[in-house]
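Number of protein chains: 2
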Amino acid sequence: MAGISEVARLAGVSTATVSRALSGNGSVSALTRDKVERAAAELDYVVSSTASGLASGRTRNIGVVMPFVNRWYFGEVLEGAQAALRRRGYDLTLYSLSSSPDIRSSLFDDFLLRKRVDAVLAICVKLAPHEIGTLLGLGKPVVGVGGPMDGVPTLSIDDVEVARLATEHLLGLGHTRIALISDTDEPETNFHIASDRFRGYQLAMADAGARADPALFRRADFTVAGGHAAARDLLAAPSRPTAIFAASDEMAIGAMLAARDAGLSVPRDLSVVGVDDHELAGFFGLSTVAQFPRRQGERAAERILDGLTPGRTDGGLDVRVPVQLVTRTSTAPPADAGVRAAPHGSGSSSGSAATP
Amino acid sequence: MAGISEVARLAGVSTATVSRALSGNGSVSALTRDKVERAAAELDYVVSSTASGLASGRTRNIGVVMPFVNRWYFGEVLEGAQAALRRRGYDLTLYSLSSSPDIRSSLFDDFLLRKRVDAVLAICVKLAPHEIGTLLGLGKPVVGVGGPMDGVPTLSIDDVEVARLATEHLLGLGHTRIALISDTDEPETNFHIASDRFRGYQLAMADAGARADPALFRRADFTVAGGHAAARDLLAAPSRPTAIFAASDEMAIGAMLAARDAGLSVPRDLSVVGVDDHELAGFFGLSTVAQFPRRQGERAAERILDGLTPGRTDGGLDVRVPVQLVTRTSTAPPADAGVRAAPHGSGSSSGSAATP
DNA sequence: TTGAAAGCGCTAACAT
DNA sequence: ATGTTAGCGCTTTCAA
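If you read the protein sequences in the order shown, they are chains L and X.
Its first residue numbered 1, the first sequence is counted upward by one per residue in our numbering.
Its first residue numbered 357, the second sequence is counted upward by one per residue in our numbering.
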């Protein structure tokens, strides 16, 4: 509970000097700084963020807005952002849109405007122009993750490229009847993620002279259950695909489970590739295109802090973050490819795919 | 950017009256309140939380501390707390301990002390006495979720009872060779969760006159992969169990997958029961003891806000929150029980268990 | 019920 | 490099 004036008294300097010494703003002699630091430690002094924020206009707190926290991707981004912010002495105030459907307007009309945060990280939340306008008008920088927004620097993966990578992996193994499990774009949150992945798939197929058969497309909602249902449907069709590209690992895992339920072996009878490198992907032996959401969260946080520090230069507007094809045991040449023998020994229907 | 004085001028009253009208503290005539509200709306006035916080000592912000955000249980608690806080106009500032191992001391020495939060919710984080002391000494109420802490009101499930419920469910079906997959307690975070569940299992077994065979216990780390490995091991043993109680759904799901890998059918050859009612439990047909983490988060949030409002009474110190046995298709009488026939038609090894 | 005015604890000119 | 001082924008006595 000691205040800055007690520290000043104990150190034998003015409160202004204490402020300078502890914040690093303004010049203080090494000796004085030392005295001040000693005194502060002695008194367990901790700056009051409300007082400091009121006086300086800076809160050392970043608002993070995301559609929900309870999906693997978002949790990872959150952990990454949290870690990066804390390293630089910043707090993170969380705004999850899933709390209630009508929360969104109050968020932008009240919560984000009460000067609690210095800047906003929008994770896969497509801000409306007026929302961006309000924030920027208030001098609050915004950094986005997950898709381009007008006037907002953004980190994102190239979703077309991701789908192309995954599809080309399957094509390269000799597959041509490749099914796609994806979603249609949800307004307000997901930008063009689903449709971009759709396009990447189509482009890769076209480039390879393969047919993107509409009968091999199924919609699902990015969950295990959704992927399971979609794959079950695909696999029951008269002429089933030899491979499935699912636009998320959770759906891909659902597809692998559906294959097993249908008595099919992965990858002998069906190859499956996903996107994310979900924590369960390794366990299921799932080949996937890894994105690195924790790194994305870290980079977004660093980016926004740099934007708050006038000295640092901004690295251009929209930054692409890397992805990487990770091949495991869920993909192999199709059984009738004849190029090489199936690379495993187990002959029966259940088993190897789920062994880590 | 309009301040309280603009609002006061437009409404033709003093800033004090504006403050009273908008905050609800102190009495204002209906007419005046109306004028003030109009003026505030007209000017898009939003109170500055730093100024308000400095003047009043209240920030309308709650700190939430948890070991990590990226596990289903914690994500749910977080969503629940977030929703409840937002409903009452509060913000939520998140402190995840997983960011870095040495973060913890700085959290309690700096971050939580800078008057950014009015109170702290500790989710499955066992606070040391001096940490609690600091917080309470600063007048910051603390509410815990997940286990008793001295001097801190806590919401928790009865872990002994949870394990007993699950074990008795299996015993009631006729199982006696019941394996346990759990962990040993981690210091600093998990209280007695693992050991309490161990005890509940033992008590139930003893009450039923069954033997809690040490050879049927395996440690695992609450993950799918951990449960899978533990179950694989159990099922390879000379005399394998007819049922497994896993102390979390993720481990239980791992166990179900291991059973399938071993060519065993669930529940015909093996019954599995978990704890949590994880989002995937329904998909896998997993019988489980549901706890309701979202509700836990909500209740904890409401509890702490009530503690901040002097009028409301506190509902006693440690509150037990309800759990509920949910039976699905992963549990059935053992094959040799002879009581009733196996309740399904599929004769082969893979299949029904993963069908939602 | 309302207004006047004194802070809340710190930062940032401006001096020196 | 350091001290003096005027706010930052609001809340809350205290008086009326």
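In this text, a Cβ means the ideal position worked out from N, Cα and C, and glycines have one as well.
The model shown is predicted, which means the values in this text are computed figures rather than measured ones.
Residue i burial status per 10 Å Cβ neighbour count (16 or more: buried)
i: Ser372 (chain X); result: Note that residue 372 (chain X) is Ala in the sequence shown here, rather than Ser. Looking at its Cβ environment, which holds fewer than 16 other Cβ atoms inside 10 Å, Ala372 (chain X) is exposed.
i: Asn417 (chain X); result: buried
i: His387 (chain X); result: According to the sequence as given, residue 387 (chain X) is Leu; it is not His. Exposed, because fewer than 16 other Cβ atoms sit within 10 Å of the Cβ of Leu387 (chain X).
i: Ala411 (chain X); result: exposed
i: Asp447 (chain X); result: buried
i: Leu317 (chain L); result: exposed
i: Met357 (chain X); result: exposed
i: Glu717 (chain X); result: Outside the modelled stretch of chain X, which goes from 357 to 712, sits residue 717 (chain X), for which no answer is possible.
i: Arg38 (chain L); result: exposed
i: Ala484 (chain X); result: exposed
i: Asp465 (chain X); result: exposed
i: Ser383 (chain X); result: exposed
i: Glu654 (chain X); result: buried
i: Asp207 (chain L); result: exposed
i: Asp400 (chain X); result: exposed
i: Ala713 (chain X); result: An answer regarding residue 713 (chain X) cannot be provided, because it is not within the stretch 357 to 712 covered by chain X.
i: Ser361 (chain X); result: exposed
Residue i to residue j span [Cα, whole Å]
i: Ala255 (chain L); j: Asp185 (chain L); result: 21 Å
i: Tyr429 (chain X); j: Leu78 (chain L); result: 16 Å
i: Ile459 (chain X); j: Arg86 (chain L); result: 8 Å
i: Leu234 (chain L); j: Val160 (chain L); result: 23 Å
i: Asp221 (chain L); j: Gly80 (chain L); result: 25 Å
i: Met149 (chain L); j: His584 (chain X); result: 43 Å
i: Thr665 (chain X); j: Phe573 (chain X); result: 47 Å
i: Glu558 (chain X); j: Ala568 (chain X); result: Per the sequence shown, residue 558 (chain X) should be read as Gln rather than Glu. When rounded, the distance between both Cα atoms is 6 Å.
i: His192 (chain L); j: Ala300 (chain L); result: 20 Å
i: Ala204 (chain L); j: Thr532 (chain X); result: 56 Å
i: Val369 (chain X); j: Gly380 (chain X); result: 16 Å
i: His525 (chain X); j: Ala581 (chain X); result: 25 Å
i: Leu257 (chain L); j: Ser271 (chain L); result: 12 Å
i: Leu94 (chain L); j: Phe111 (chain L); result: 11 Å
i: Arg268 (chain L); j: Ala243 (chain L); result: 10 Å
i: Thr579 (chain X); j: Val425 (chain X); result: 15 Å
i: Leu435 (chain L); j: Leu325 (chain L); result: Nothing can be reported for residue 435 (chain L): it is not among the residues displayed for chain L, which extend from 1 to 356.
i: Ser363 (chain L); j: Leu491 (chain X); result: Since the first residue shown for chain L is 1 and the last is 356, residue 363 (chain L) is missing from the structure and cannot be characterised.
i: Val677 (chain X); j: Ser454 (chain X); result: 26 Å
i: Arg365 (chain X); j: Leu113 (chain L); result: 21 Å
i: Gly146 (chain L); j: Ala83 (chain L); result: 19 Å
i: Gly500 (chain X); j: Ile488 (chain X); result: 11 Å
i: Ala691 (chain X); j: Gly619 (chain X); result: 15 Å
i: Ala367 (chain X); j: Gly413 (chain X); result: 27 Å
i: Ala519 (chain X); j: Ala215 (chain L); result: 48 Å
i: Leu636 (chain X); j: Val64 (chain L); result: 27 Å
i: Ser348 (chain L); j: Ser265 (chain L); result: A caution first: Ser348 (chain L) carries a pLDDT of 31, below 50, which makes its placement in the model unreliable, though a value can still be read off. Roughly 8 Å separates the two Cα atoms.
i: Pro597 (chain X); j: Leu529 (chain X); result: 14 Å
Residue i beta carbon near the ligand MN (any heavy atom closer than 7 Å)
i: Lys471 (chain X); result: In the structure shown, the ligand MN is absent, as is every other ligand, since no ligand is present at all.
I'd like the ranges of any alpha helix (DSSP H) spanning at least 4 consecutive residues and lying wholly in the region 577-604 of chain X. 580-592
Which residues, in chain order, does the region 446-461 of chain X contribute to contact with chain L at a C-beta distance below 7 Å? Asp447, Leu448, Thr449, Leu450, Ser452, Ser454, Ser455, Ser456 and Ile459
Specify whether the region 138-152 of chain L and the region 112-119 of chain L touch according to this definition: at least 3 beta carbon pairs, one from each stretch, less than 8 Å apart. yes
I want to know whether the region 596-606 of chain X touches the region 630-639 of chain X - three or more CB-CB distances under 8 Å. Yes: the two stretches touch, three or more of their Cβ pairs being nearer than 8 Å.
Completely contained beta strand (DSSP E) runs for the region 600-670 of chain X, where each covers 3 or more residues: 627-632 and 643-646
Are at least three pairs of beta-carbons, each pair with one atom in the region 194-203 of chain L and one in the region 162-181 of chain L, less than 8 Å apart? yes
Taking three-plus beta-carbon pairs below 8 Å as touching, is the region 634-651 of chain X in contact with the region 683-691 of chain X? Short answer: they touch.
Residues, ordered as in the chain, of the region 605-639 of chain X that lie near chain L by beta-carbon distance below 7 Å: Leu613, Arg616, Asp617, Gly619, Leu636 and Phe639
Can you check the region 147-186 of chain L for any beta strand (DSSP E) of at least 3 residues that lies completely inside it and give the ranges in chain order? 154-156 and 178-182
Starting from the N-terminal side, write out each stretch of the alpha helix (DSSP H) that is 4 residues or longer and does not extend beyond the region 419-471 of chain X. 428-443 and 459-465
Output needed in chain order: residues of the region 378-403 of chain X with a Cβ under 9 Å from some Cβ in chain L. Asp400, Val402 and Val403
Select from the region 58-74 of chain L all residues with a C-beta closer than 9 Å to any C-beta belonging to chain X, and list them in chain order. Thr59, Arg60, Asn61, Gly63, Val64, Phe68, Val69, Asn70, Arg71, Trp72 and Phe74
Which residues of the region 580-591 of chain X have a Cβ closer than 8 Å to any Cβ of chain L? Give them in chain order. Hits within the stretch, in order: Val580, Ala581, His584 and Ala585.
Report the start-end ranges of each alpha helix (DSSP H) in the region 365-401 of chain X that is 4 residues or longer and not cut off at the edges. 371-379 and 386-398
Where the region 461-481 of chain X meets chain L: residues whose CB sits under 7 Å from a CB there: With the criterion set as a beta carbon lying under 7 Å from some beta carbon of chain L, the members of the region 461-481 of chain X are Asp466, Phe467, Leu469, Arg470, Lys471 and Arg472, in sequence order.
Just by C-beta distance, which residues in the region 177-206 of chain L are closer than 7 Å to chain X? none
Listed from N- to C-terminal order along the chain, which residues in the region 77-90 of chain L have their beta-carbon within a distance smaller than 7 Å of any beta-carbon of chain X? Leu78, Glu79, Gln82, Ala83 and Arg86
Give, in chain order, every residue of the region 504-525 of chain X whose Cβ lies closer than 8 Å to some Cβ of chain L. Contacts with chain L (Cβ-Cβ distance below 8 Å) from the region 504-525 of chain X involve no residue at all.
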